[in-house]
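So the sequence shown is numbered by UniProt numbering: it starts at 1 and just counts up by one. The C-beta atom is built at its ideal place from N, Cα and C for all residues, glycine as well. Every value quoted in this text rests on a predicted model; they were computed, and no experiment measured them.
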Amino acid sequence: MGNCCSCQDLSLSLLQKEENPTPTPSYHSKRESSKSQGKCAYAAVSPESIGLLIHQQNAKQAGRREEEEEEEEAPRSKGPSLKEKLKNASKDDGQSRSSFSSQSQKASLRKDEFDDASEALTSDDFADAQNSCEDKDQVSTRAGSPEPVGGLTEEEIDHESVVLRRDFSRQRESCVLKVPSDEYGSIAAALSAAMSGDVVEVSEGVYRESICIAAADVDIIGIGSINKIVVESTSKPVLVFRAIKGLVRNLTLRQVGGGCECAVEISTGSLVIDRCDISGQSDSVLHITGTHTSPSILNSVIHDSTGAGFLVEGGASPVISGNDIHGHHLDGLVVKEGGNPTVRGNDIHGCKTTGVLVRSGGLGTFEDNNIRCNAISGVIVHDCGNPRFFRNKIIEGMGKGIDVYDRGCGHFEENTISHNTMDGLIIKTGANPIVLNNKIHNNRGNGVYVFEEGQGVLEGNDIYENESSGVVIRSLGNATLRKNKIHNGKKNGIYVYMNGKGVLEANEIYENKMDGVTIKSGGNPSVMSNIIRDGKGKGIFVHEKGRGILEGNDIAGNASVGISVATGADPVVRRNKITGNIGHGIFVDKATGLFEENLIIENSGDGLHARNSGAPEVKSNEIVRNEGHGLHVCREATGSFIANQIHGNRKDGVTIRSGGDPTVGENVIYGNGGQGLNVC
């Protein structure tokens, strides 16, 4: 006989307990047979208890089979057999739910009756079973093939135990619900029947409905070609997610009726949308909100909304990766009010306004995206937005590359900003970004444009071949430029005007088609420790009441003068090396300024040339080996020239002519090619 549970005893126990019920709801299990609906069974009895019960019944079964064999060998006069006693007990009880077969003398218990028996067991039964099985060595077993007992074989009991154990641990096997099928004509019908962990498989077809995943954590997977598995909704979002987790894969989702905020609404949990095609005649295609909302939108096409592709707000932190985001009437992606997405490896293009808009305190990390061919800007950050951009390509826009304004911030590092129709980077109206190690080139406007009290730190950038100037600062713009390369621009390297400010430090400014640095109309930057070389115009040009502190710069090899100061300008020029320029070292025309402790050497013209009522203050400079005069003062220029070292120049050390009237004293003048001091 097999080592299996005695279901006769189990049935008898059940009948006895119906006469004297002891309510113990905390130990009862509930099981629903839902195979026709694609559901798996649940139970709530602990797996340890059911295991002990099986051991107990095995022990009883072994003993009672021995008794049955002894009774069969004994004379019939000894009394009724155990089978007859069990049958009589069932009849005396009078219960309508008798599980004994009229055709057989042996009681038979079906699987569903076994479930009912399990449901009726109390905590006392489980305690008895556990006590009976404490000494496992005393459990007698018999070898032999499995034999049906009460309608269940040993294998069936083992299977039932496995199912119950799986249910108890709440790790039930997932069920697959197919749409369309005889059971489910729609996705919504399948979802209403699904339980957590189930999979809804959607075959090819057009499904005109709105999907809501609200309670169970369910996966929805399209089976077939994505463009043939279409879910359309007219007046509602096509997908609403309010569960904890789930997966939507390989579907085409369309919101076609308009009149609603979004095509897909995700307000909680961690839904994964993978390889879907999503569009909507709505304010946004995907609206993601909520502080605990962290979905992943992967490898999908998000396109052609009447508003934006994504709206991320309310502290949501989605992962948006590998998507094609295009053709939106407004923005590709909007982040605001604490939204903090991770946006990686997407192609964001062809939007009618902006590729990425971060505003109203929005955050986010944007890495390795291709943001291209958008109408107004590739990226806009304003109203205290503070995102981080790394290694993105912000290119080929029909407007600006990046526009940061209205107290916007942000960190922009190792991006490529190129071939935009207007400026590469704009910083204005109190914006204060950090811009590090980017390549800003071949834009049709300026490389960087800072104005209207814009600030920011720009460091280590390569700014080149822009159609206008490399960097422009005006209207109280006050950026810090440090260790940048600004070169090969079609106009000036750096242009500061209209009361622009700024700190320009340790930059390399070279080979621009106009001046290296131009300061005019009230511009007042600090220009320190820069290399300004090989430009096609002047090294530094300060004019039209420009000012500024020019200190510690190396100004060399420019096609015109090293430093030109004109028309009311009044800079401070201190401790610069001005060498090898094609024109004069310093040229002062109708201007003033302090020129102190500079080395003016080996320029093609005069060391310092002042004219047209120019009145510079020139002291403690070394003016040597220039091709013209050391100092040349003419055309009613005045000024003071005190304590300079003037030697080795090809012509006169000092020449004063044509109404020039300077103050000259305490200079050391020697070894020049002409006269030491020539007044004519």
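### Query
Is it right to say D198 is buried, meaning 16 or more other beta carbons lie within 10 angstroms of its own, or is it exposed?
Counting from one through the sequence shown, the residue named residue 198 turns up at place 198. Burial call: buried.
### Query
Hey, S305 and I273: beta-carbon distance below 9 Å or not?
One-based indexing of the sequence shown puts residue 305 at position 305. One-based indexing of the sequence shown puts residue 273 at position 273. Result no, Cβ atoms of S305 and I273 do not sit closer than 9 Å.
### Query
When burial is assigned at 16 or more other CB atoms within 10 Å of the CB, is S562 buried or exposed?
Indexing the sequence shown from 1 puts residue 562 at position 562. Ser is not the amino acid found at residue 562; the sequence shown has Gly there. It is buried - the Cβ of G562 has at least 16 other Cβ atoms within 10 Å.
### Query
So, is K536 buried or exposed, given that buried needs 16 or more other C-beta atoms within 10 angstroms?
Counted from its first residue, the sequence shown places residue 536 at position 536. With fewer than 16 other Cβ atoms within 10 Å, it is exposed.
### Query
P341 to A569, Cα distance in whole Å?
Position 341 of the sequence shown holds residue 341. Position 569 of the sequence shown holds residue 569. For P341 and A569, the distance between alpha carbons rounds to 49 Å.
#### Entry: Buried versus exposed call for H303 [16 or more other C-beta atoms within 10 Å across all chains shown]
As a position in the sequence shown, residue 303 is number 303, starting the count at 1. With 16 or more Cβ atoms within 10 Å of its Cβ, H303 is classed as buried.
### Task
Per DSSP, which residues does S321 bridge with? Please list them.
Residue numbering aside, residue 321 sits at position 321 when the sequence shown is read from its first letter. L298 and R344, per the DSSP bridge assignment.
### Message
Mapping the DSSP letters down to three states, classify I244 as helix, strand or coil.
### Response
Within the sequence shown, residue 244 is the residue found at index 244, counting from 1. Three-state result, I244: coil.
### Query
If T252 and I220 are in contact, beta carbons under 8 Å, what's the gap, nearest whole angstrom?
For the purposes of this step, residue 252 is identified with residue 252 of the sequence shown, where counting begins at 1. For the purposes of this step, residue 220 is identified with residue 220 of the sequence shown, where counting begins at 1. About 12 Å separates the two Cβ atoms, so there is no contact after all.
### N227 - DSSP class collapsed to helix/strand/coil
Within the sequence shown, numbered from 1, the residue matching residue 227 stands at position 227. N227: helix per DSSP, three-state reduction.
### Message
Quick check: does the Cβ of H609 come within less than 8 Å of any heavy atom belonging to the ligand SAH?
### Response
For the ligand SAH, the structure offers nothing, since it holds no ligand at all.
### Query
CB-CB under 6 Å to Y670, same chain, minus the five flanking residues each way: which ones, in chain order?
For the purposes of this step, residue 670 is taken as the residue at position 670 of the sequence shown. Around Y670: H647.
### Query
By a C-beta neighbour count over all protein chains shown, 10 Å radius and 16 as the cutoff for buried, is G665 buried or exposed?
Residue mapping note: residue 665 aligns to position 665 of the sequence shown, counting from 1. With fewer than 16 Cβ atoms within 10 Å of its Cβ, G665 is classed as exposed.
### Message
Less than 9 Å between the beta carbons of G548 and S526, yes or no?
### Response
In the sequence shown, residue 548 corresponds to position 548, counting from 1. In the sequence shown, residue 526 corresponds to position 526, counting from 1. It is a contact, given that the beta carbons lie within the stated cut-off.
### Query
Is it buried or exposed for I223, if we count other Cβ within 10 angstroms and need 16 for buried?
Residue numbering aside, residue 223 sits at position 223 when the sequence shown is read from its first letter. I223 comes out exposed.
### Query
Can at least three beta-carbon pairs, one atom from the region 617 to 633 and one from the region 644 to 661, be found at a separation below 8 Å?
yes
### Message
Output needed for G605: all residues of its chain with C-beta closer than 6 Å, excluding positions within five of it in sequence on either side, in chain order.
### Response
Residue mapping note: residue 605 aligns to position 605 of the sequence shown, counting from 1. Within the same chain, G605 has close Cβ partners G583, H584 and G628.
### Contiguous beta strand (DSSP E) assignments of at least 3 residues, all confined to the region 177 to 204
199 to 203
### Query
Per DSSP, which one or two residues make a beta bridge with Q645?
As a working mapping, residue 645 is identified with position 645 in the sequence shown. Beta-bridge pairing links Q645 to E622 and V668.
#### Entry: Among H287, M422, R474 and G385, nearest to R407 - alpha-carbon criterion
Position 407 of the sequence shown, counted from the first residue, corresponds to residue 407. Here the closest residue by C-alpha is G385.
### Task
Report buried or exposed for T291, applying the criterion of at least 16 other Cβ atoms within 10 angstroms of its Cβ.
The sequence position of residue 291 within the sequence shown is 291, counting from 1. Classification for T291: exposed.
### Task
Report back the beta-carbon spacing between G639 and G607 to the nearest angstrom; my notes put them in contact at under 8 Å.
Mapped onto the sequence shown, residue 639 falls at position 639. Mapped onto the sequence shown, residue 607 falls at position 607. Not a contact, Cβ separation roughly 14 Å.
### Query
Three-state secondary structure (DSSP) at T655?
Walking along the sequence shown from the start, residue 655 turns up at place 655. In this structure, T655 counts as strand in the three-state DSSP scheme.
### Query
For G660, which option in V588, E602, R650 and I601 has the closest C-alpha, if you only look at C-alpha atoms?
Here residue 660 corresponds to residue number 660 of the sequence shown, with the count starting at 1. Of V588, E602, R650 and I601, the residue nearest in Cα terms is V588.
### Task
Kindly list the residues whose CB is nearer than 7 Å to the CB of C680, restricted to its own chain and excluding five residues on each side of it in sequence; keep chain order.
Counted from its first residue, the sequence shown places residue 680 at position 680. Cβ within range, chain order: R657.
### Query
Grouping DSSP H, G and I as helix and E and B as strand, with all else coil, what is D554?
In the sequence shown, residue 554 corresponds to position 554, counting from 1. Reduced to three states, the DSSP call for D554 is strand.
#### Entry: Under the three-state DSSP convention, the category P662 falls into
Against the sequence shown, residue 662 aligns to sequence position 662. Coil.
### Query
Which one of I427, N415, M398 and V202 has the shortest CA to CA distance from F366?
Position 366 of the sequence shown, counted from the start, is the residue given in the question as residue 366. Answer by Cα proximity: N415.
### Message
Taking only three categories from DSSP, how would you classify D589?
### Response
Here the question's residue 589 lines up with position 589 in the sequence shown. Looking at D589 - three-state DSSP - the assignment turns out to be strand.
### Query
What's the gap between the Cα of C373 and the Cα of E465?
Stepping through the sequence shown from its first residue, residue 373 is reached at position 373. Stepping through the sequence shown from its first residue, residue 465 is reached at position 465. Rounded to whole angstroms, C373 to E465 spans 20 Å at the Cα level.
### Task
Measure the beta-carbon distance from N446 to S468 and round it to whole angstroms, keeping in mind my assumption that it falls under 8 Å.
Walking along the sequence shown from the start, residue 446 turns up at place 446. Walking along the sequence shown from the start, residue 468 turns up at place 468. About 5 Å separates the two Cβ atoms, so the contact holds.
### Task
Out of K513, I532, E508 and A566, point me to the one whose CA is closest to G522's CA.
For the purposes of this step, residue 522 is taken as the residue at position 522 of the sequence shown. It is A566 whose Cα lies nearest to the Cα of G522.
### Message
Going by DSSP in three states, I376 sits in which element: helix, strand or coil?
### Response
Taking the first residue of the sequence shown as position 1, residue 376 is located at position 376. DSSP places I376 in coil when its eight states are reduced to three.
### Task
Indicate the three-state DSSP secondary structure (helix, strand or coil) for G568 in the structure shown.
Here residue 568 refers to the residue found at position 568 when the sequence shown is read from its first residue. Of the three classes helix, strand and coil, the one that applies to G568 here is coil, per DSSP.
### Query
Nearest CA to the CA of D283: which residue from H329, F641, A193 and L363?
Translated into positions along the sequence shown, residue 283 becomes position 283. Minimum Cα distance to D283 is reached at H329.
### Message
As a quick exercise: from I278, S475 and P318, pick the residue whose alpha carbon is nearest that of S267.
### Response
Taking the first residue of the sequence shown as position 1, residue 267 is located at position 267. Of I278, S475 and P318, the residue nearest in Cα terms is P318.
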